[in-house]
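K.L.:
Dropping the structure in here first, questions after.
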Amino acid sequence: SMRNAVKHFRDPRVGAVAGELILMHGEDWNAVDRGVGVYWRYENRIKQLESRLGSLLVGGGSLLIARRDLVQTLDPRIANDLEIPMRIGSRGFYVLYESECRGFEKAHTHAWEELGRTSRIVARGFRGFLVLLPLMIRNPMRFWQFISHKLLRWFTLPFSVGVMVGAWGLSNEVIPRAIFTIGSIGLLATLAGMP
């Protein structure tokens with residue numbers, strides 16, 4: 033993994049490289065860790081696409097390698113896998129993703145553990161957004177990446193609830209009734225899958 037990551041540093045324009053997190057499962061493999069696995073495959077695909085632009089937004093904390101002279105004192109209130117790529121990228125250096133630099137982690141199998149982990153990530157990410165906003169504004173592409181990759185995702189639940197409430201209010205129409213029915217089935221399936 034290290035060899036596959038450090039080869040990118042031959043280019044002096046590369047400031048940091050992040051690897052791929054692969055979630056492993058045991059005998060207790062269930063809907064929670066399957067869902068997390070699907071999410072990480074989606075997240076890794078986004079990272080591949082961002083890397084093509086040389087502008088990876090977020091790395092994996094356990095698989096993030098950066099040039100020592102580019103890493104500043106870190107803010108303990110912000111996730112370092114957001115802060116390091118953001119600061120290095122805002123200085124004009126490439127931040128890349130290397131899928132052959134792999135780390136393995138066991139996924140959570142309990143919904144409440146995963147909810148707690150995700151809540152911490154979102155809280156630290158939102159604080160990071162507020163603290164790092166001046167850096168993002170100076171680089172419109174990184175600002176757009178943060179809005180589209182992170183911020184909009186955090187508001188998926190309130191947006192979905194709003195759509196469901198609106199569809200329920202218009203349930204005498206065919207399309208809103210279908211939206212409400214599909215949304216209700218999805219919500220019930222999610223709740224049924226929570227141990």
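Position in the sequence shown (from 1) plus 32 gives the number in our numbering.
By construction, the Cβ of each residue, glycine as well, lies at the ideal position given by its N, Cα and C atoms.
1. Relative to the C-alpha of Trp-186, which residue among Thr-105, Ile-78 and Ile-153 is closest?
2. Would you tell me roughly how many angstroms separate the C-alpha atoms of Ser-122 and Trp-72, rounded to the nearest one?
3. How should Glu-132 be labelled, buried or exposed, when 16 other C-beta atoms within 10 angstroms of its C-beta is the threshold for buried?
4. For a test of the three-state rule: what should DSSP assign to Leu-165, helix, strand or coil?
5. Expressed to the nearest angstrom, what Euclidean distance is found between the alpha-carbon atoms of Ile-97 and Phe-41?
6. Does the distance from the CB of Ala-37 to the CB of Leu-88 come in under 7 Å?
7. Once you ignore the five residues that flank Arg-156 on each side, which residues in its own chain have a CB closer than 8 Å to its CB?
8. To the nearest angstrom, how far is it from the Cα of Gly-198 to the Cα of Ile-214?
9. Within this structure, are the beta carbons of Arg-134 and Ile-54 separated by less than 7 Å?
10. Does the distance from the CB of Ile-120 to the CB of Leu-95 come in under 7 Å?
11. Alpha carbon to alpha carbon, what distance is there between Trp-144 and Val-46?
12. Is the Cβ-Cβ distance between Tyr-126 and Lys-79 less than 7 Å?
13. Which stretch, first to last residue, makes up the beta strand (DSSP E) that contains Ala-32?
14. From the DSSP secondary-structure annotation, give me the bridge partner or partners of Ala-221.
15. Considering just the uninterrupted stretch of the alpha helix (DSSP H) at Phe-191, what are its terminal residues?
16. Determine the direct distance from the alpha carbon of Asp-43 to that of Pro-227, and round the result to whole angstroms.
17. Helix, strand or coil for Asn-52 per DSSP?
P.N.:
Per the coordinate set shown:
1. Ile-153
2. Their Cα atoms are separated by approximately 25 Å.
3. Under this definition Glu-132 is an exposed residue.
4. Leu-165 carries a helical assignment under DSSP once its states are collapsed to helix, strand and coil.
5. 10 Å
6. no
7. Arg-109, Ile-110, Ala-111 and Leu-114
8. 14 Å
9. yes
10. no
11. 38 Å
12. no
13. Not covered by the structure: residue 32. The range shown for the chain is 33 to 227.
14. Per DSSP, none; premise fails for Ala-221.
15. 188 to 201
16. Confidence at Pro-227 is low in this model, with a pLDDT of 48, below 50, so its placement is unreliable and the value that follows should be read with caution. Taking the straight line from one Cα to the other gives about 48 Å.
17. It is worth fixing the name first, because residue 52 is Glu in this sequence and not Asn. In the structure shown, Glu-52 sits in a strand (DSSP, three-state: E or B).
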